[in-house]
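Here is the structure we will look at, set down as structure tokens.
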Amino acid sequence: MPWGRTAARYRVAATIPESQGPTLSPKQPPPLRRFEPKHRLELVPNSRVRAGSGGYSRAMMTRKVLGTTAIVALLLGTTNGIATAAPVYGSAGAGDAYYPEDGNGGYQVDDYDISIDYDPASHQLKGVAKISATTTQALKGFNLDLLGFTVDSVRVDSRDASHRRESAHELVVRPAGSLRKGQKFTVEVAYHGVPDPAGAWFLRPSGGAYAVGERQAASSWFPVNETPRDKATFTLRATVPAGWSVLSNGVRENVLNTAGKTTYTWRERTPITGYLTTIAIDRFTLLTQRRSNGMPLVSAFAPGTEGNIPVEKRLPEILDFEESLFGAYPIDTGGGVYEFGPFTGALEAQGRSVYIIAQGSGTVANARNLVHENAHQWWGDSVSLWNWSDLCLKECVAAYTEDLWSAQKEGLDLDRNYRETVSKNLTNPTFWSAKLHDGGPDSEMANAVYYRGPLFMHALRRQVGDRAFFAALKAFPQAHRDSNATLQQFIASMECYSAQDLSAFTRAWLDSTTIPADRYLWPGNLKP
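Next comes the structure, spelled out in structure tokens:
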């Protein structure tokens, strides 16, 4: 997510230099002594990691420390002699240490089925969201994230449910009856209004619009459990006046013209986290391509952005290059959306990255921009963060991937580039002052992951050697596909493939606010 400036609370982009990325793990990496994760993960390759309810971590600890008898004493009721917990309201957050109120607890979404009708002239949006989910604890109520809008009705399992607003983002739902643990249920929310300009919904002077942002984006246009810890399949049916087009995630399955309106259906079958969903409405010029394996690539260019078509035509080449590093492309389709906006930036929306060009800037994307955003299809999209403090897991990798591209395609000498960059900043304490890991709330997007992250990755490569580095780089996203991971697991993977203890090395590079000691700054043959 480089190329441009950071955009307030929805964080669309951050500045990086014009040259700078990757990483990985075996099926079940051993734990590290450092980077102890704040939340436990069930590491099952090729499966979703399920976030627990508000009391999940405590319950795990109780089982481990107190045993079965003590657990029974904690339970509040019985059914046929079997202890059961009394229904409660799910937590109003998923438990991230930096942003504890992002997302919600008590359930996991399985599928979003979103239908909207958007009028470019008035900016009015009418929507119906059908959400299929599974409880992770007995519930008498739960929260959804939705910014703005008038909520017309809420139904749970086809029965009217009460609802109320608790804050700008929180929609609290009380079903007619309680939900037992492990129960599958559906929620249907009807809503309307003009999307809140404080969110991640951007209006175009033409009347068009698009939604893009990080950490919160989806809640700007549909009800969602907005946390990277909850992934679900996604379908969008968007109706607009004839002559307008709609782009979203996944494969376009249908276009229906009726009575002066057009309805576009897009379906994403690969589980997706909320902020990686996107919608773009404009009078687009479309570019359709296919990879050598037949996979469709659909890209869209808002009026005036057609100068980006030549670089977008390199997308098949870019994805082939990245597959050679990271293994099989993890999503069913690819492409890009090019729009004008208040800044220049980009975001790795799943399967269809969004490139925003500052109005009047004349900026055109380059191949490195595409390399970075599409590296995120593996690192950040397929393998999503479990903690926002681990941003380096996706951004350091994507930034270094740019360098690997330049080395292969343009002859960039990465060792020389590393030496020159480090030597130039040996006496510049500011360059080393921001931590690459766990830098604190609202600082994890610091530019360090873009300008110093690639140096860390290259030093790591020279520390463990090419064979271990690239083996781990390919194995990790395959082992954690459609799931979540931590930076700890990535480092454990590198340790496993290299048979090295990287504790001191990673402390010096990731946790320090000063320049690493020489033994970690100049590993392998990097010493000038």
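For the sequence shown, position 409 (counting from the first letter as 1) is numbered 409 according to my numbering, and the numbering increases by one without interruption.
Beta carbons: idealized from backbone N, C-alpha and C, even for Gly.
Note that this is a predicted model, so its numbers are computed, not measured.
Residues that DSSP places opposite Tyr338 in a beta bridge: Here the question's residue 338 lines up with position 338 in the sequence shown. Looking at the DSSP output, Tyr338 shares a beta bridge with Phe301, Tyr355.
One or two residues paired with Lys184 in a DSSP bridge: Position 184 of the sequence shown holds residue 184. In the DSSP output, where bridge partners are listed per residue, Lys184 has Thr134.
Residues near Ser245 by beta carbon distance below 6 angstroms, same chain, minus five either side: By 1-based counting over the sequence shown, the position of residue 245 is 245. Around Ser245: Phe284.
For Val422, the first and last residue of its enclosing alpha helix (DSSP H): The count along the sequence shown starts at 1 and reaches residue 422 at position 422. Going by DSSP, Val422 is part of the alpha helix (DSSP H) stretching over 414 to 424.
C-alpha gap between Arg291 and Pro316, whole angstroms: Residue 291 sits at position 291 when you count from the first residue of the sequence shown. Residue 316 sits at position 316 when you count from the first residue of the sequence shown. Going from the Cα of Arg291 to the Cα of Pro316 covers about 5 angstroms.
Inter-residue spacing [alpha-carbon to alpha-carbon] between Asn104 and Arg267: Within the sequence shown, the letter at position 104 stands for residue 104. Within the sequence shown, the letter at position 267 stands for residue 267. Looking at the two C-alpha atoms, the distance is approximately 24 angstroms.
Meets three-Cβ-pair contact criterion under 8 angstroms: the region 308 to 326 and the region 183 to 192: Cβ pair count under 8 angstroms is below three, so no.
Residues near His480 in its chain [Cβ-Cβ closer than 6 angstroms; skip 5 each side]: Walking along the sequence shown from the start, residue 480 turns up at place 480. Excluding residues within five positions, the ones whose Cβ falls inside 6 angstroms are Val383.
Leu370: first and last residue of the uninterrupted alpha helix (DSSP H) it sits in: Walking along the sequence shown from the start, residue 370 turns up at place 370. Segment 367 to 375, the alpha helix (DSSP H) holding Leu370.
As assigned by DSSP and simplified to three states, the class of Asp518: Taking the first residue of the sequence shown as position 1, residue 518 is located at position 518. Correct three-state label for Asp518: helix.
Reduced DSSP secondary structure (H/G/I, E/B, other) of Tyr497: Counted from its first residue, the sequence shown places residue 497 at position 497. In the three-state DSSP reduction, Tyr497 falls in the helix class (H, G or I).
Range covered by the beta strand (DSSP E) that runs through Gln350: Mapped onto the sequence shown, residue 350 falls at position 350. Segment: none, Gln350 is in no beta strand (DSSP E) and carries neither H nor E.
Rounded C-alpha distance that separates Ser423 from Ser389: Locating residue 423 in the sequence shown gives position 423, where the first residue counts as 1. Locating residue 389 in the sequence shown gives position 389, where the first residue counts as 1. Cα atoms of Ser423 and Ser389: separation of roughly 28 angstroms, rounded to the nearest angstrom.
Among Ala434, Leu391, Ala407, Arg519, nearest to Thr513 - alpha-carbon criterion: Here residue 513 refers to the residue found at position 513 when the sequence shown is read from its first residue. Among Ala434, Leu391, Ala407, Arg519, the Cα nearest to that of Thr513 belongs to Ala434.
DSSP-derived helix/strand/coil call for Trp201: As a first step, residue 201 is located in the sequence shown; it is residue number 201 there, counting from the start. In the three-state scheme derived from DSSP, where H, G and I count as helix and E and B as strand, Trp201 is classed as strand.
C-alpha gap between Gln463 and Ala238, whole angstroms: Within the sequence shown, numbered from 1, the residue matching residue 463 stands at position 463. Within the sequence shown, numbered from 1, the residue matching residue 238 stands at position 238. Cα atoms of Gln463 and Ala238: separation of roughly 50 angstroms, rounded to the nearest angstrom.
Proximity of Gly327 and Pro477 at Cβ, strictly below 9 angstroms: As a working note, residue 327 is residue 327 in the sequence shown. As a working note, residue 477 is residue 477 in the sequence shown. Yes, the pair counts as a contact, with Cβ atoms nearer than the cut-off.
Closest Cα partner of Asn249 within the set Pro429, Ala232, Thr273, Thr277: For this step, residue 249 is matched to residue 249 along the sequence shown. In this structure, Thr277 is the residue among Pro429, Ala232, Thr273, Thr277 with its C-alpha nearest to the C-alpha of Asn249.
Whether Ala129 touches Leu147 by CB criterion (9 angstroms): Position 129 of the sequence shown holds residue 129. Position 147 of the sequence shown holds residue 147. Against a cut-off of 9 angstroms, the Cβ pair of Leu147 and Ala129 comes out as no contact.
Where Gly177 falls, given that 16 or more other Cβ within 10 Å makes a residue buried: Position 177 of the sequence shown, counted from the first residue, corresponds to residue 177. Residue environment analysis places Gly177 among the exposed positions, since fewer than 16 neighbouring C-beta atoms fall within 10 angstroms of its C-beta.
Extent of the continuous beta strand (DSSP E) to which Phe321 belongs: The residue labelled residue 321 in the question sits at position 321 within the sequence shown. In the DSSP annotation of this structure, Phe321 is not part of any beta strand (DSSP E); the continuous alpha helix (DSSP H) holding it starts and ends at 315 to 326.
Buried versus exposed, by CB contacts within 10 Å (16 or more), Ala367: Locating residue 367 in the sequence shown gives position 367, counting from the first residue. Ala367 comes out buried.
Contacting residues, own chain, Cβ-Cβ under 6 angstroms from Phe149 (five flanking each side not counted): Here residue 149 corresponds to residue number 149 of the sequence shown, with the count starting at 1. For Phe149, same chain residues with a beta-carbon under 6 angstroms away, outside a window of 5 residues either side, are Tyr191, Gly193 in chain order.
CB-CB length for Thr134 against Asp110, believed under 8 angstroms: As a first step, residue 134 must be located in the sequence shown, where it is residue number 134. As a first step, residue 110 must be located in the sequence shown, where it is residue number 110. The Cβ separation is near 6 angstroms, so the contact holds.
Per-residue burial, Gly106 [other beta carbons within 10 Å of its own, 16 or more giving buried]: Numbered from 1 along the sequence shown, position 106 holds the residue referred to as residue 106. In the assembly as shown, Gly106 is a buried residue. Its beta-carbon has 16 or more other beta-carbons within 10 Å.
Distance between Val311 and Gly299 (C-alpha atoms, nearest Å): Residue mapping note: residue 299 aligns to position 299 of the sequence shown, counting from 1. Residue mapping note: residue 311 aligns to position 311 of the sequence shown, counting from 1. Checking the sequence shown, residue 299 turns out to be Ser, not Gly. Distance between the alpha carbons of Ser299 and Val311: 11 angstroms.
Exposure of Ile243, with buried meaning 16 or more beta-carbon neighbours within 10 Å: The count along the sequence shown starts at 1 and reaches residue 243 at position 243. A quick correction: the sequence has Gly, not Ile, at residue 243. Looking at its Cβ environment, which holds fewer than 16 other Cβ atoms inside 10 Å, Gly243 is exposed.
Proximity of Gly341 and Arg352 at Cβ, strictly below 9 angstroms: Start at 1 with the first residue of the sequence shown, and residue 341 comes out as number 341. Start at 1 with the first residue of the sequence shown, and residue 352 comes out as number 352. Their beta carbons are not under 9 angstroms apart, which means Gly341 does not touch Arg352 by this criterion.
Residue span of the alpha helix (DSSP H) that contains Thr401, given as start and end: Within the sequence shown, numbered from 1, the residue matching residue 401 stands at position 401. DSSP places Thr401 inside the alpha helix (DSSP H), whose first and last residues are 392 to 410.
As assigned by DSSP and simplified to three states, the class of Ile331: Counting from one through the sequence shown, the residue named residue 331 turns up at place 331. The answer is coil: DSSP assigns Ile331 none of H, G, I, E or B.
Exposed unless 16 or more other CB atoms sit within 10 angstroms - verdict on Glu402: Working through the sequence shown from its first residue, we reach residue 402 at position 402. Within 10 angstroms of the beta-carbon of Glu402 lie 16 or more other beta-carbons, which makes it buried.
Rounded Cβ spacing between Pro223 and Ile131 (contact assumed at less than 8 angstroms): In the sequence shown, the residue the question calls residue 223 occupies position 223. In the sequence shown, the residue the question calls residue 131 occupies position 131. Between Ile131 and Pro223 the Cβ distance is about 7 angstroms, and since that is below 8 angstroms, they are a contact.
CB of Gly229 within 9 angstroms of CB of Ala365, strictly: Residue mapping note: residue 229 aligns to position 229 of the sequence shown, counting from 1. Residue mapping note: residue 365 aligns to position 365 of the sequence shown, counting from 1. With the sequence shown as reference, residue 229 is identified as Arg, and Gly is not the correct amino acid for it. No. Outside cutoff.
Buried or exposed by the 16-neighbour rule on C-beta atoms within 10 Å, applied to Val88: Counting from 1 along the sequence shown, the entry for residue 88 is found at position 88. When all chains shown are included, Val88 counts as buried.
Buried or exposed by the 16-neighbour rule on C-beta atoms within 10 Å, applied to Ala70: Within the sequence shown, residue 70 is the residue found at index 70, counting from 1. Unreliable positioning characterises Ala70 in this predicted model, as indicated by a pLDDT of 37, which lies under 50. A coordinate reading is not provided.
Check whether Leu414 and His458 have beta carbons under 9 angstroms apart: Here residue 414 refers to the residue found at position 414 of the sequence shown. Here residue 458 refers to the residue found at position 458 of the sequence shown. The Cβ-Cβ distance between Leu414 and His458 falls below 9 angstroms.
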